[in-house]
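Take a look at the structure below.
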Amino acid sequence: MTTTAASTQRPVPDVGPGQPATGLPMPGAARVFLALLQRDLFVTARQIPTFIVQVVLQPLFTLFILGKVLGELGYVGPDFARVLLPGVVALAGFIGALQNTTLPLALDFSYTREIEDRLLAPIRLELVAVEKIVFGAIQGLFSAVLMIPIGMLVLDGVSWPLSAVPALLGVLLLGALAGAALGMTLGTSVPPRGIEVVFALTLTPLMFTGATQFAWLQLDGMRWFQVISGANPLTYFSEAVRGVVLGGSGIPTLSLWISLPVLAATLVVFGFAGIRGFRKRALD
570 MTTTAASTQR PVPDVGPGQP ATGLPMPGAA RVFLALLQRD LFVTARQIPT FIVQVVLQPL
630 FTLFILGKVL GELGYVGPDF ARVLLPGVVA LAGFIGALQN TTLPLALDFS YTREIEDRLL
690 APIRLELVAV EKIVFGAIQG LFSAVLMIPI GMLVLDGVSW PLSAVPALLG VLLLGALAGA
750 ALGMTLGTSV PPRGIEVVFA LTLTPLMFTG ATQFAWLQLD GMRWFQVISG ANPLTYFSEA
810 VRGVVLGGSG IPTLSLWISL PVLAATLVVF GFAGIRGFRK RALD
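Numbering of the sequence shown is given in our numbering, commencing with residue 570 and proceeding in unit increments.
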C-alpha cells in the first residue's frame with residue numbers, strides 16, 4: 570500500500586495571535602510586562618551606587634547651599650528650609666523620572682539598539698512603552714524618597730508628620746509618573762543627536778520655574794513669572810508635596826484639588842503622546 574506525501578505529513582496547528590509558532594500558549598501580557606520590569610530593576614540594582622550618585626548629587630548641593638549655607642549667613646529666613654525641602658524632593662522625583670526615561674530611550678533607539686530585544690516580547694508595543702514609563706517613575710520615586718532623610722539631616726529644624734506619609738507616597742508616585750510620561754514624549758520625539766540640546770533647553774527652565782525654591786502663591790508681586798511658573802507641571806508637584814507635609818503651617822500652598830488634577834492631566838496627555846511616539850519610532 571502506498572501513501573501520499575500529504576497523508577504522511579502532520580497537521581500544522583492553527584496559530585492564532587496569542588500563540589507562538591510551536592502551538593504553545595504565549596505567556597500572559599501581565600506576566601511579560603512584569604518580567605521586563607523585573608529585568609530593568611535587576612540591572613539598575615547592580616549599578617545602585619552609580620545611580621544614587623546621579624540622582625542625589627545635584628539636589629544635595631541645592632539643599633546644602635540654599636538651605637544650609639545661605640541660612641547660616643542670614644541671607645534667607647528661618648522658614649525657607651521648610652519651603653525648600655518639599656520642592657527639592659519633588660524636583661528629584663520629577664527630573665529623576667524624566668531623565669531615566671528619556672536618556673535610555675535615546676540610546677536604545679540609536680546606538681545600542683537594545684530596544685529591538687524588547688520589541689520581540691510577546692506583548693503589544695504600547696505595553697512596552699508603558700513599562701518604560703513605569704520603570705522611569707520607579708526610579709524617580711526612589712530618588713524623591715531618598716532625598717527626604719538626606720534633606721532632614723542637612724537642614725535644621727525641618728520635620729514632617731508621620732501621618733502624612735501615605736498621602737505623600739501617593740503624591741510622589743503621581744508626580745514621578747508625570748515626569749516619566751514627559752520623558753517618554755521627549756525621548757521619542759527628538760532625534761538622538763539633538764537630545765543634549767533639548768535637555769539644555771528644557772531641564773534648566775523646568776528646575777527654576779517649577780516652584781521648587783519658593784511657594785507659587787507668594788509670587789503675586791511678580792505676576793508675569795507666576796504665569797510662567799504656572800505653565801510648568803513641576804510647579805504642581807512641588808505644591809502638592811508642600812500641601813501634604815506643610816498643611817496648616819501658615820505657608821501658603823496650592824490646594825490639592827488643583828495640583829493633583831493637573832499632575833494627572835500631565836500624565837495622561839504626555840503619556841498618550843509618548844506612547845504614540847514610541848510606537849512610531851518602533852515601527853520605523
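Built from N, CA and C at the ideal position, the CB exists for glycine as well.
Only a predicted model underlies this, so the values are computations on that prediction, with no experimental measurement involved.
| query | result |
| --- | --- |
| Contact the region 632 to 641 vs the region 606 to 624: 3+ CB pairs below 8 Å | no |
| Beta-carbon proximity check, L751 vs P802, cutoff 9 Å | yes |
| Alpha-carbon spacing of M753 relative to A698, whole angstroms | 8 Å |
| L724 and L653 closer than 9 Å at C-beta | yes |
| Environment of Q708 [buried if 16+ CB atoms lie within 10 Å] | buried |
| G819 versus G726: straight-line alpha-carbon distance, rounded | 16 Å |
| Own chain partners of S576 with C-beta closer than 6 Å, once the 5 adjacent residues on each side are dropped | Residue placement at S576 is flagged as unreliable, the pLDDT there being 39, under the threshold of 50; the coordinate-derived value follows with that caveat. Excluding sequence neighbours, S576 sits near nothing in its chain. |
| Sequence-distant residues of its chain with Cβ nearer than 8 Å to S849 (five each side left out) | Before going on, a small fix: residue 849 reads as Lys here, not Ser. Closer than 8 Å at Cβ, skipping near neighbours: T757. |
| Three-state class that DSSP yields for W826 in the structure shown | helix |
| Nearest residue (CA-CA) to V657, options F711, L610 and M716 | M716 |
| Residue closest to L603, alpha-carbon to alpha-carbon, out of E700, L772 and A851 | E700 |
| Inter-residue Cα distance where the pair is G816 and P618 | 35 Å |
| Own chain, CB closer than 6 Å to S645, minus 5 neighbours either side, in chain order | The amino acid at residue 645 is misidentified as Ser; the sequence shows Val. So the list reads L639, once near-sequence residues are dropped. |
| Separation of S824 from D609, as counted between CA atoms | 36 Å |
| Through-space distance from W785 to F777, alpha-carbon basis | 12 Å |
| Own chain, CB closer than 7 Å to K637, minus 5 neighbours either side, in chain order | V723 and L724 |
| DSSP three-state assignment for G544, whether helix, strand or coil | The structure shown has nothing for residue 544, since the chain only spans 570 to 853. |
| Member of R811, V810, A780 and F806 whose CA lies at the smallest distance from the CA of V796 | A780 |
| Residues near D789 by beta carbon distance below 8 Å, same chain, minus five either side | Q795 |
| Sequence-distant residues of the same chain with beta carbon closer than 6 Å to F663, five excluded per side | G744, G748, L803 and F806 |
| Continuous alpha helix (DSSP H) stretch holding T819: start and end | Here the sequence assigns Gly to residue 819, which means Thr is not the residue at that position. It is not in any alpha helix (DSSP H) - G819 carries neither H nor E in the DSSP assignment. |
| Three-state secondary structure (DSSP) of V727 | coil |
| Alpha carbon of W826 to alpha carbon of L832, nearest angstrom | 11 Å |
| Distance, A598 Cα to P673 Cα | 23 Å |
| Presumed contact (8 Å Cβ cut-off) between P821 and Q787, rounded CB distance | 6 Å |
| For Y644, the first and last residue of its enclosing alpha helix (DSSP H) | Unbroken run through Y644: none, as it is neither H nor E. |
| P718 versus D853: straight-line alpha-carbon distance, rounded | 45 Å |
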